[in-house]
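Visitor:
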Amino acid sequence: MNFLLAQATDTTTQLDTSNLLKGIDFQKPSWDVFVILFFVIGALLYGLSLGRDRIIIILVSVYMSLTVVKSLPDVVLKFTIGKEFAIQVTAFVALFVGLFFLVSRSALIRTLGVNSSEGRWYQTIIFSILHVGLLISITMSFLPADVVTKFAPITQFVFTAQWSQFAWIAAPILAMILFGSKPDSKEE
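Heads up: the sequence shown begins at 0 in numbering that gives the first Met the number 0, then just goes up one per residue.
1) How would you write the range of the alpha helix (DSSP H) that R53 sits in, first residue to last?
2) Check T194 in the structure and name its three-state DSSP category.
3) Rounded C-beta distance between F150 and W30? I'm assuming under 8 Å.
4) Return the chain-ordered list of same chain residues with a C-beta closer than 6 Å to the C-beta of I134, the five sequence neighbours on each side being excluded.
5) Would you kindly check if the distance between the Cβ of S140 and the Cβ of Q164 is under 8 Å?
6) Whole angstroms are fine: how far does the CA of T154 sit from the CA of D145?
7) Do A211 and L71 have their C-beta atoms within less than 8 Å of each other?
8) Exposed or buried, which one is I176 when buried takes at least 16 other CB atoms within 10 Å?
9) How far does the alpha helix (DSSP H) with F37 in it reach, from first residue to last?
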């Protein structure tokens, strides 16, 4: 069991349950508080206002953007004044916004079955949580290691640990498969 726990965390983020919440101080707000608030508020308000189908389009755009940014040649990333993460975040956001508008007006919408139904409320909430968590995990993956270590252990574990990043990337895909496989008679 210890082997599995050691494999589940990377060297920069060890899971120590006694210290998980130690670095979070709500009286002196830090970036951890911002991340938590963004996660909760973003997942609820943002997701419910968009609806399931639009979130699925956004998720597809996020995956496309992540693939392109992770594949950028080192020459492009080193082109600026040494702030590689700033180029990655900027490129990711720019590609994400651009691809969202292109994908939302393309034939991909019809392929995904978007606009045929808005989905159930619980599906919208689940997709919202997975979408916002994925965005936070991706953004934090671009940050330098010395910046990531300044976050509380719980924030590091949930969003930047190797297995956590994998989970945030894989979970929306799994949700799309699970929720897309059975048509609901009430939605037709």
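Every residue, glycine too, gets a C-beta built ideally from N, C-alpha and C.
Guide: The relevant details are as follows:
1) Residues 51-69.
2) Because residue 194 is not part of the residues shown, which for the chain are 0 to 187, the question remains open.
3) 6 Å
4) Position check: residue 134 holds Leu in this sequence, whereas Ile was assumed. Closer than 6 Å at the Cβ level, and outside the excluded window around L134, lies no residue.
5) yes
6) 14 Å
7) Any question about residue 211 goes unanswered here, given that the chain covers just 0 to 187.
8) exposed
9) 30-40
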